[in-house]
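Following: one structure in structure tokens, then a few remarks.
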Amino acid sequence: MVEMLFTPAAQHKVKKFPLEGTLKGISNRQIQEHRDILYTGYVNKLNEIETKQKSVSKTGNGTHSDYRELKLEEAFAINGVFLHEAYFENMDGKASTCSGAILKLIERDFENYDAWKEDFVAAATSSRGWVVLAINLLDGRVHNYLCDRHDLGGIWWCLPLLVLDVYEHAYMIDYGVKRADYIKAFFENISWTAVNQRIEQIEKIPDVLKH
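So the numbering used here is basically just the index in the sequence shown, starting at one, shifted up by 25.
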């Protein structure tokens, strides 16, 4: 799976996340509209943007140019795709316990799981868009980062481990404006297996780069 990071695809494809009937407190309708309409729309727009970049004039301008607008929206669309994929992937509804490599990192950098969770929930309550538990490759530590938009708040040299969507579209059907209840439901659905698999992928990257 790591090798795919270095194998360019002709176009981005909509990935399947068959979560219907598996999640606790998150309905099928909520998942379907989130995944099949919003996420799918980001994939389609990203492909459109990348196609248009091939023929657009490369005459740039800091105030406005077609090239500038495509590059701006590329960042919004590509993060919209990848963040949603990570979000859907790190849920499975099995209510598993945080364990393994991720727990060791959390306990090292936040002292204990409860302290990390308190910080993560605070970020989720404060954010307008996303919360991402990520490992920072510069300091080697895990951090909870708050992102108000797909293209606003991301930190360079960081790789996501756990992603939570807190835009209203992620919970409005099921919870209205009760975000706190949605956050509780999210914790019942975290796939810590997926999180630990991301750590394994990150650990393999140096070996892939050697080739």
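Beta carbons: idealized from backbone N, C-alpha and C, even for Gly.
Can you tell me whether residue i is helix, strand or coil according to DSSP?
{"i": "residue 161", "result": "strand"}
{"i": "residue 170", "result": "strand"}
{"i": "residue 199", "result": "helix"}
{"i": "residue 141", "result": "helix"}
{"i": "residue 188", "result": "strand"}
{"i": "residue 177", "result": "strand"}
{"i": "residue 155", "result": "strand"}
{"i": "residue 131", "result": "helix"}
{"i": "residue 51", "result": "coil"}
{"i": "residue 27", "result": "Confidence in residue 27 is poor, its pLDDT being 41 and thus under 50, which makes the residue's placement unreliable; the coordinate value appears in the next sentence. Looking at residue 27 - three-state DSSP - the assignment turns out to be helix."}
Taking the alpha carbon of residue i as the reference point, which residue from the options has its own alpha carbon closest?
{"i": "residue 224", "options": "66, 176, 166, 49", "result": "166"}
{"i": "residue 211", "options": "99, 44, 116", "result": "116"}
{"i": "residue 113", "options": "187, 221, 222", "result": "187"}
{"i": "residue 156", "options": "109, 94, 85", "result": "109"}
{"i": "residue 216", "options": "201, 123, 51", "result": "123"}
{"i": "residue 222", "options": "181, 206, 111", "result": "111"}
{"i": "residue 84", "options": "68, 93, 77", "result": "93"}
{"i": "residue 73", "options": "220, 49, 103", "result": "103"}
{"i": "residue 241", "options": "177, 50, 147, 199", "result": "Because residue 241 is not part of the residues shown, which for the chain are 26 to 236, the question remains open."}
{"i": "residue 127", "options": "144, 159, 143", "result": "159"}
{"i": "residue 76", "options": "47, 99, 86", "result": "99"}
{"i": "residue 213", "options": "40, 37, 50", "result": "50"}
{"i": "residue 220", "options": "179, 206, 130", "result": "130"}
{"i": "residue 67", "options": "175, 200, 180", "result": "175"}
{"i": "residue 87", "options": "78, 206, 81, 97", "result": "97"}
{"i": "residue 149", "options": "208, 132, 141", "result": "208"}
How far does the alpha helix (DSSP H) with residue i in it extend, from its first residue to its last?
{"i": "residue 91", "result": "91 to 114"}
{"i": "residue 136", "result": "No alpha helix (DSSP H) holds residue 136; DSSP gives it neither H nor E."}
{"i": "residue 210", "result": "204 to 214"}
Just how far apart, CA to CA, sit residue i and residue j?
{"i": "residue 191", "j": "residue 55", "result": "13 angstroms"}
{"i": "residue 194", "j": "residue 59", "result": "7 angstroms"}
{"i": "residue 27", "j": "residue 184", "result": "Note that residue 27 scores a pLDDT of 41, beneath 50, so its modelled location is shaky; the value from the coordinates is reported in the next line. Going by the C-alpha atoms only, they are around 13 angstroms apart."}
{"i": "residue 172", "j": "residue 204", "result": "16 angstroms"}
{"i": "residue 95", "j": "residue 64", "result": "19 angstroms"}
{"i": "residue 45", "j": "residue 90", "result": "43 angstroms"}
{"i": "residue 196", "j": "residue 227", "result": "30 angstroms"}
{"i": "residue 42", "j": "residue 53", "result": "12 angstroms"}
{"i": "residue 161", "j": "residue 182", "result": "6 angstroms"}
{"i": "residue 138", "j": "residue 202", "result": "27 angstroms"}
{"i": "residue 168", "j": "residue 106", "result": "22 angstroms"}
{"i": "residue 189", "j": "residue 70", "result": "22 angstroms"}
{"i": "residue 134", "j": "residue 118", "result": "26 angstroms"}
{"i": "residue 170", "j": "residue 125", "result": "22 angstroms"}
Ranges of the alpha helix (DSSP H) found wholly within the stretch 53 to 88, counting only runs of at least 4 | 53 to 57, 65 to 78
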